[in-house]
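Visitor: My questions all concern the structure below.
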Amino acid sequence: MSKEHAIKKIVIVGGGTAGWLAANHLAKNLITQNPNSVKITLVESANIPAIGVGEGTVPMMRQSLQHLGISETEFILECDATFKQGIKFVDWTTNPIAGKSNYYHHIFDYPKTSDVDLTAYWLKNIKNTGMSYVDALSIQGQMCDAGLAPKMITTPEFQGAASYGYHLDANKFSALLAKNAVKKLGVNHLQADVLDITQHENGEIKSLITKGGQTISGDFFVDCTGFKSLLLGEKLKVPFKDKSDTLFVDHAVAIQVPYEKEDAPIASHTISTALTSGWVWDIGLKERRGIGHVYSSRYTSHEQAEQDLRAYIGPMANNVDSRLIPMKIGYREKFWHKNCVALGLSQGFVEPLEATGLLVFDATAKMLAEQFPSSKLDMPLIAKQFNERVTISWDNVIDFVKAHYCLSKRDDSDFWLDNRASDSIPDSLKERLARWQHQPPSAYDFASKFDIFNLENYQYILYGMDFDTNLDNFQHRLAKDERASEEFAAIQNQMQFALSKLPKHRDLIDKIYQYGLQKI
Ligand SMILES: Cc1cc2nc3c(=O)[nH]c(=O)nc-3n(C[C@H](O)[C@H](O)[C@H](O)COP(=O)(O)OP(=O)(O)OC[C@H]3O[C@@H](n4cnc5c(N)ncnc54)[C@H](O)[C@@H]3O)c2cc1C
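Add 41 to the 1-based position in the sequence shown for the numbering used here, that's all there is to it.
As structure tokens, then:
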């Protein structure tokens, strides 16, 4: 390979979670395989803080931590992390009626694969008994309701009685990733403010110029500068595709509050409560709760949004400062352009309803690392594929998040009514919802491996939100009633066992601080 085209120096700009995830994945795949193959430098400003929100993750994070060589105990202790078994959606299906709330769970445990269509069986035989979809198909909704952890102290790291992700302190997570990248994986870390960017004649990025006058040259650049998108957006002028006509929320106001009592229970799920112009996230870490109101400024004022948040929290929010966070909803037309890839908020962002930020950024950082070209000559085709795949992932996330809004029957504000307007719903989602009125979702609805949300996720949301699938034309799939009822009975038995054995979530976290989890 000619020296001129070799990619030997990778420069990442930005030290938020996206920058450090990128550094870890690239170094793990490139430097640990062949120590002299590339040099990776991460440049971050000491003056521009990382966004520092993003406290909910999904189960894929377990695989990433394992892949990057971070132990679960170390992660829990250093990031104040707790376990997350899904999301409890409160008041999303309808407005609270006579002050009475409604809720459903989107859990992380997938029903075990079976040749019996358990969903169709539930629709036909169980739904009308009042047993929720989630409780019929899994033990995890009840585990959450009982405040239980997904595992015991003797369960090895990264394994559980049910699937789980984590809640974490985003700034502490960045610090842990930074330590791992620098100390274990050989990444160079530089603190500097990037003031200017120079280009080659062909438009590729040549170097960064820092405030102190230093020139940092590179063969390949990763833009992790947050919403600003300094390299891909500002310098290379890759346009932003705004999706606020589909997803209306554009701001968050966030507060961190201590627990009322030291030994207060810690929820092992995120609580997402719908309000009139958005929704509130409520996430329990070991010492505090992180709570935020995500809302649309087209439908409410910032002052009202903050008042609604404080009313949700109650007296614990008195005298505690809040933080206003503007959000840009959408993604770049391309994520890889010339010799630059954007990862993190600089690539795109969809509101945090399903905690998709870290998930998409982690998955795309991994994709970049696994596909990374050693020569610039190979870049165009890999970049084309990368752009196509990542676009599929974003569109899938947008459809899934939008589904929560358009399945809602809330009618207490224009925000909810407008969310169901046909022109705000992507055609891909409209088609699926129309199909599912006459048959339950199936694997055929999910053609791409790059769909972030799949069959089971949609099933939990649809049937949690009382979606009506009419099975009149679907009788041929309803034959094996006997087998199905045996499988449902087995789930209920498993439930009794799990509920009697699993510890309370806080008790497990306390024990992990004392003893640690068993290494695999
Ligand atoms: C309200 C809200 C809630 C969220 N909740 C979740 C959630 O529950 N789960 C989830 O997975 N994700 C969530 N996210 C997304 C999450 O915040 C991001 O995934 C994550 O923090 C990645 O951010 P980032 O690293 O791309 O950008 P940032 O954290 O903004 O980091 C940008 C970095 O770039 C550096 N930088 C910028 N300009 C320069 C410059 N000129 N020179 C040098 N360095 C520079 C900064 O110093 C900083 O280090 C949420 C986001 C928002 C807005």
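Glycine included, C-beta positions come from ideal geometry on N, C-alpha and C.
Quick caveat: nothing in here was measured; it's all calculated off a predicted structure.
Can you give me the start and stop residues for the beta strand (DSSP E) that residue 313 sits inside?
Guide: Residue 313 -> beta strand (DSSP E) spans 311-316.
Visitor: Which ranges does the beta strand (DSSP E) cover as unbroken runs of at least 3 residues, wholly within the segment 129-165, from first to last along the chain?
Guide: Taken in chain order, the complete beta strand (DSSP E) segments of 3 residues or longer contained in the segment 129-165 are 144-148.
Visitor: For the beta strand (DSSP E) that contains residue 297, what are its first and last residues?
Guide: 292-299
Visitor: Does the segment 213-226 come into contact with the segment 241-251, if we say contact requires no fewer than three beta-carbon pairs (one atom in each stretch) closer than 8 Å?
Guide: No contact exists between the segment 213-226 and the segment 241-251.
Visitor: Buried or exposed: residue 146, going by 16 or more other Cβ atoms within 10 Å of its Cβ?
Guide: buried
Visitor: Could you compute how far the alpha carbon of residue 52 sits from the alpha carbon of residue 138?
Guide: 55 Å
Visitor: So, for residue 315: in the same chain, excluding its five sequence neighbours on each side, which residues have a beta-carbon less than 6 Å away from its beta-carbon?
Guide: 132 and 133
Visitor: Using 8 Å as the Cβ pair cut-off and three pairs as the minimum, do the segment 476-487 and the segment 337-354 touch?
Guide: no
Visitor: Looking at the unbroken alpha helix (DSSP H) that takes in residue 423, where does it start and where does it end?
Guide: 420-447
Visitor: Just tell me which of 238, 266 and 274 has its CA closest to the CA of residue 258.
Guide: 238
Visitor: How big is the Cα-Cα spacing for residue 327 and residue 550?
Guide: 8 Å
Visitor: Taking only heavy atoms of ligand 1 into account, decide whether any of them is closer than 7 Å to the Cβ of residue 56.
Guide: yes
Visitor: According to the neighbour-count rule (16 or more other Cβ atoms, all chains shown, within 10 Å of its Cβ), is residue 418 buried or exposed?
Guide: exposed
Visitor: If you follow the alpha helix (DSSP H) that residue 381 is part of, which residue opens it and which one closes it?
Guide: It is not in any alpha helix (DSSP H) - residue 381 instead sits in the beta strand (DSSP E) that spans 381-383.
Visitor: Please report the residue range of the alpha helix (DSSP H) in which residue 483 lies.
Guide: Unbroken run through residue 483: none, as it is neither H nor E.
Visitor: Name the DSSP bridge partner or partners of residue 367?
Guide: 292
Visitor: Under 6 Å Cβ to Cβ from residue 420, same chain only, skipping five residues before and after it: list those, please.
Guide: 414
Visitor: Does the pairing of the segment 389-402 with the segment 426-436 give three or more beta-carbon distances under 8 Å?
Guide: yes
Visitor: Secondary structure at residue 546, three-state DSSP: helix, strand or coil?
Guide: helix
Visitor: Identify the continuous beta strand (DSSP E) that holds residue 200 and give its terminal residues.
Guide: No beta strand (DSSP E) contains residue 200, which DSSP labels as neither H nor E.
Visitor: Which two residues bound the contiguous beta strand (DSSP E) that contains residue 257?
Guide: Residues 256-258.
Visitor: Could you tell me whether any non-hydrogen atom of ligand 1 is closer than 7 Å to the CB of residue 405?
Guide: Between ligand 1 and residue 405, a heavy atom-to-CB distance of less than 7 Å is absent.
Visitor: Do residue 545 and residue 306 have their C-beta atoms closer together than 8 Å?
Guide: yes
Visitor: Following the continuous beta strand (DSSP E) through residue 477, name the residue where it begins and the one where it ends.
Guide: Where residue 477 is concerned, there is no enclosing beta strand (DSSP E), given that its DSSP letter is neither H nor E.
Visitor: When you compare the CB positions of residue 271 and residue 250, do they come within less than 8 Å of one another, or not?
Guide: no
Visitor: For ligand 1, any of its heavy atoms closer than 7 Å to the Cβ of residue 51?
Guide: no
Visitor: What does DSSP give as the partner residues of residue 246 in its beta bridges?
Guide: 240
Visitor: Tell me which same chain residues have a C-beta within less than 7 Å of the C-beta of residue 153, skipping the five on either side of it?
Guide: none
Visitor: To the nearest angstrom, how far is it from the Cα of residue 117 to the Cα of residue 123?
Guide: For residue 117 and residue 123, the distance between alpha carbons rounds to 7 Å.
Visitor: With a threshold of 8 Å between beta-carbons, can residue 512 be considered close to chain D, or not?
Guide: Here chain D cannot be found, since the structure has a single protein chain.
Visitor: Determine contact between the segment 190-200 and the segment 99-114, defined as no fewer than three beta-carbon pairs at a distance below 8 Å.
Guide: yes
Visitor: In this structure, does DSSP put residue 509 in helix, strand or coil?
Guide: In this structure, residue 509 counts as coil in the three-state DSSP scheme.
Visitor: What residue does the beta strand (DSSP E) around residue 113 start on, and which one ends it?
Guide: In this chain, residue 113 is not harboured by any beta strand (DSSP E); it is covered by the alpha helix (DSSP H) spanning 113-119.
Visitor: When DSSP labels each residue in this structure, what does residue 107 get in the three-state scheme?
Guide: DSSP places residue 107 within a helical segment (H, G or I) once states are collapsed to three.
Visitor: Closest by CA to residue 337, which one among 404, 370, 125 and 400?
Guide: 370
Visitor: Looking at the structure shown, is residue 540 part of a helix, part of a strand, or coil, going by DSSP?
Guide: helix
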